[in-house]
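Going down the list, the protein sequences come from chains P and U. FYI, the numbering for the first sequence is 18 to 114, going by this note's numbering. FYI, the numbering for the second sequence is 117 to 358, going by this note's numbering. Structure, as structure tokens:
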Amino acid sequence: MQWRADVAVMLKPGVNDPQGLAVRDGLHRLGYAHVQDVRVGRYIQLWLEADSETEATAQVEAMCQQLLANPVIEQFWFSLTAQPVPAPNGTPRSGGA
Amino acid sequence: MRVAVVTFPGSNGDYDALCAVRDGLGVHAELVWHTTTDLSDYDAVILPGGFSYGDYLRAGAIARFAPVMDAVRAAAAVGKPVLGICNGFQILTEAGLLPGALLRNVNRAFVCDWVWVRVETSRTPWTSTIPEGTVLRLPIAHGEGRYYADPATLAALERDRCVVFRYVDALGNVTEAANPNGSLGNIAGVCNAAGTVVGLMPHPERAYDALLGSASGLLILAAGLNVASARPVVVSGLEAGQ
Numbered sequence: 018m019q020w021r022a023d024v025a026v027m028l029k030p031g032v033n034d035p036q037g038l039a040v041r042d043g044l045h046r047l048g049y050a051h052v053q054d055v056r057v058g059r060y061i062q063l064w065l066e067a068d069s070e071t072e073a074t075a076q077v078e079a080m081c082q083q084l085l086a087n088p089v090i091e092q093f094w095f096s097l098t099a100q101p102v103p104a105p106n107g108t109p110r111s112g113g114a
Numbered sequence: 117m118r119v120a121v122v123t124f125p126g127s128n129g130d131y132d133a134l135c136a137v138r139d140g141l142g143v144h145a146e147l148v149w150h151t152t153t154d155l156s157d158y159d160a161v162i163l164p165g166g167f168s169y170g171d172y173l174r175a176g177a178i179a180r181f182a183p184v185m186d187a188v189r190a191a192a193a194v195g196k197p198v199l200g201i202c203n204g205f206q207i208l209t210e211a212g213l214l215p216g217a218l219l220r221n222v223n224r225a226f227v228c229d230w231v232w233v234r235v236e237t238s239r240t241p242w243t244s245t246i247p248e249g250t251v252l253r254l255p256i257a258h259g260e261g262r263y264y265a266d267p268a269t270l271a272a273l274e275r276d277r278c279v280v281f282r283y284v285d286a287l288g289n290v291t292e293a294a295n296p297n298g299s300l301g302n303i304a305g306v307c308n309a310a311g312t313v314v315g316l317m318p319h320p321e322r323a324y325d326a327l328l329g330s331a332s333g334l335l336i337l338a339a340g341l342n343v344a345s346a347r348p349v350v351v352s353g354l355e356a357g358q
């Protein structure tokens with residue numbers, strides 16, 4: 018089965034996020050004074066082959082621990098959807114360089 | 117003695133390191149491509165600054181998988197001096213060879229400046245000939261140099277004397293104003309438990325001649341290569357802080 022994993026990676030709570038503060042300041046300047054806090058993270062989509070959702074979960078968990086997130090500073094969440102790998106956007110199937 | 121300076125795609129401090137070792141110290145150094153799998157012919161290894169693999173995902177996150185990193189691990193395992201400078205420091209933390217991580221500077225800016233750093237311990241090869249408390253003048257150039265470790269790791273680093281360099285003012289005092297990036301504890305560089313692997317954000321290889329504004333970076337390189345070599349590596353006529 019083919020699965021799509023949607024992975025979100027965020028700095029752990031308590032780790033100062035200057036990027037989030039900059040975005041919060043921008044929102045304040047736009048007039049959204051009620052915005053209390055902003056934190057900016059990373060969103061990753063990947064497709065994988067796995068026999069079951071349990072196996073896919075174990076694989077994505079391991080990928081996050083080993084590369085997609087740095088457990089020293091970041092935490093992550095992900096969801097899985099059964100979905101075939103999409104064709105690459107606008108990429109010819111053959112005849113390319 | 118032979119020193120390996122590893123070039124990753126996106127390294128930009130490799131030639132600086134090569135010149136500092138060759139011209140500043142008269143020691144044989146070679147650039148080694150990231151696909152190299154054996155560093156056993158070398159006595160010391162330097163991971164230079166730059167933006168390896170475009171800093172994709174996180175600084176150092178992809179470089180950690182370069183073939184050469186197994187050889188760097190092997191060199192570290194047998195106690196050869198390993199020095200990670202700037203991006204090299206980031207790579208060593210991502211590879212788990214050094215504790216902690218380097219985060220985006222707290223002031224959101226890429227900081228390119230001269231700083232003072234205090235040598236906190238002489239127990240590493242790279243500080244072995246520098247008295248503790250010595251204040252060095254070194255340049256920095258980074259956007260992600262804010263040292264972070266969780267409180268337990270930080271306490272262990274302090275207890276085990278693994279903090280090697282700290283940002284200070286010209287008089288050697290740890291102050292908030294002297295901290296260029298928001299690093300916890302003003303930490304500019306750390307070492308592994310054995311002390312043989314050292315990483316720091318400042319650039320000693322860009323301070324190897326008074327013409328460049330400071331020659332105090334040579335003290336660090338000379339100290340490490342002195343340990344790596346059977347023959348003393350001497351820096352003549354140089355005072356710390358120059």
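Think of the CB as a built atom: it goes at the ideal place given N, C-alpha and C, for glycine as much as any other residue.
| Query | Result |
| --- | --- |
| Neighbourhood of Q82(P) by C-beta distance below 8 Å, restricted to the same chain and skipping five residues each side | P88 |
| Nearest neighbour of P241(U), chosen from R253(U), A331(U), A309(U), T269(U) [CA to CA] | A309(U) |
| M185(U): first and last residue of the uninterrupted beta strand (DSSP E) it sits in | Careful: M185(U) lies outside any beta strand (DSSP E), inside the alpha helix (DSSP H) at 184-193. |
| Contacts of L63(P) in chain U (Cβ-Cβ under 8 Å) | None at all; the shortest Cβ gap to chain U is about 13 Å. |
| Partner residues on chain P for E274(U), Cβ-Cβ distance less than 7 Å | Per Cβ cutoff of 7 Å: no residues; E274(U) is ~17 Å from chain P at best. |
| DSSP-derived helix/strand/coil call for S111(P) | Low confidence applies here, because S111(P) scores a pLDDT of 49, under 50, leaving its location unreliable; read the following figure in that light. In this structure, S111(P) counts as coil in the three-state DSSP scheme. |
| Whole-Å CB distance - H150(U) paired with V119(U), under 8 Å assumed | About 16 Å separates the two Cβ atoms, so there is no contact after all. |
| According to DSSP, residues forming a beta bridge with L316(U) | I201(U), G305(U) |
| Selected residue, minimal CA-CA separation from A22(P), among D42(P), P105(P), D34(P), T74(P) | T74(P) |
| Residues of the segment 27-40 of chain P with Cβ closer than 7 Å to any Cβ of chain U, in chain order | V32, N33, P35, Q36, A39 |
| Any C-beta of chain U under 8 Å from that of V77(P) | no |
| Rounded Cβ spacing between L447(U) and A338(U) (contact assumed at less than 8 Å) | The structure shown does not extend to residue 447(U), since chain U is modelled only from 117 through 358, so no value can be given for it. |
| Contact residues within the segment 74-106 of chain P, judged by C-beta distance below 8 Å to chain U | L84, L85, N87, V89, I90 |
| L47(P) versus V40(P) - alpha carbon distance | 11 Å |
| Alpha helix (DSSP H) segments (min. 4 residues) lying fully within the segment 24-51 of chain P | 35-46 |
| D258(U) burial status per 10 Å Cβ neighbour count (16 or more: buried) | The amino acid occupying residue 258(U) in the given sequence is His; Asp does not appear at that position. Label assigned to H258(U): buried. |
| Backbone CA spacing between M77(P) and P105(P) [nearest angstrom] | Note that residue 77(P) corresponds to Val in the displayed sequence, not to Met. For V77(P) and P105(P), the distance between alpha carbons rounds to 22 Å. |
| Positions along the segment 172-184 of chain U whose CB lies within less than 9 Å of some CB in chain P | L173, R174, A177, I178, R180, F181 |
| Spatial neighbours of G37(P) in its chain, beta-carbon cut-off 6 Å, leaving aside the 5 residues before and after | V55, R56, V57 |
| Within chain P, the residues that A217(U) reaches when beta carbons sit closer than 8 Å | N87, V89, I90 |
| Three-state secondary structure (DSSP) of D276(U) | coil |
| For T123(U), the first and last residue of its enclosing beta strand (DSSP E) | 118-123 |
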